[in-house]
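If you're matching positions, the sequence shown starts at 1 in this note's numbering and goes up one per residue.
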Amino acid sequence: MHYKNDISKAVTLVVAALLFLSFTFPAWEYDKGYNIIVHKSIAKIFNSSSLLVEDLIDAEESFYVIKQKDLVLGYFVVAEAPSKFHQFDYYIIFNSEAEILKIEILQYRENYGAEICSKNWLADFINISTDTYAKYNRRIDGISGATISVNSIKRDVFKVSNILKKTILDN
Numbered sequence: 001m002h003y004k005n006d007i008s009k010a011v012t013l014v015v016a017a018l019l020f021l022s023f024t025f026p027a028w029e030y031d032k033g034y035n036i037i038v039h040k041s042i043a044k045i046f047n048s049s050s051l052l053v054e055d056l057i058d059a060e061e062s063f064y065v066i067k068q069k070d071l072v073l074g075y076f077v078v079a080e081a082p083s084k085f086h087q088f089d090y091y092i093i094f095n096s097e098a099e100i101l102k103i104e105i106l107q108y109r110e111n112y113g114a115e116i117c118s119k120n121w122l123a124d125f126i127n128i129s130t131d132t133y134a135k136y137n138r139r140i141d142g143i144s145g146a147t148i149s150v151n152s153i154k155r156d157v158f159k160v161s162n163i164l165k166k167t168i169l170d171n
């Protein structure tokens, strides 16, 4: 009888842990460093520190709308992209037409390929057209030693940009 009681406790504990882990929260909202970086960038780009940030859509990525009173100034997304062994976190700030204004890597967890964090390389994404992947793909240069991360962020930025465009057009 004691054996059955131990099994039921273990099963209950596993179910509770799985339930807890199934609720994911955007890491950037709870990481003070990420939060400061993202909000400073938004304030600098839109020349205002009194901006309202609201959830836009519920998806794999965390999409937000940037407003000043009732006027939509832009959008941003905080996302993860795969690298060789780990994920890396980045954010993109868009204008109200879903054109990229800024992209920055928040945390890169690999030993190699950190060259993708370079502001000069990331500047290639600013105002780039994401209408067709072939045209978009040719505009972004590769980086020797960071092939996996480069291709990963290129695919992810293209995907995220198009999800946002579709969301804006649908509303």
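Where is the CB? At the ideal position from N, CA and C, for every residue including glycine. Bear in mind the structure is a predicted one, so any value in this text is a computation, not a measurement.
{"query": "Assign Lys166 to one of three DSSP states: helix, strand, or coil.", "result": "helix"}
{"query": "Leu52: buried (16+ other C-beta within 10 angstroms of its C-beta) or exposed?", "result": "exposed"}
{"query": "Are Ser77 and Ile116 close, meaning C-beta to C-beta below 9 angstroms?", "result": "Just to set this straight, residue 77 is Val in the shown sequence, not Ser. No. Outside cutoff."}
{"query": "To which residues of the same chain is Ser41 closer than 8 angstroms at the C-beta, ignoring the five residues directly before and after it?", "result": "Tyr91, Ile93, Lys102, Glu104"}
{"query": "Is Leu122 helix, strand or coil by DSSP?", "result": "helix"}
{"query": "Grab me the residues of Val160's own chain with a C-beta within less than 7 angstroms of its C-beta, minus the 5 sequence neighbours each way, in chain order.", "result": "Glu61, Val77, Ala79, Ile92"}
{"query": "Any idea what DSSP makes of Glu99, helix, strand or coil?", "result": "coil"}
{"query": "Tell me the residue span of the alpha helix (DSSP H) that contains Tyr136.", "result": "133 to 139"}
{"query": "Look at Ile168 and Tyr75 and say whether their C-beta atoms are less than 9 angstroms apart.", "result": "yes"}
{"query": "Which residues does DSSP pair with Ala79 in a beta bridge?", "result": "Tyr90"}
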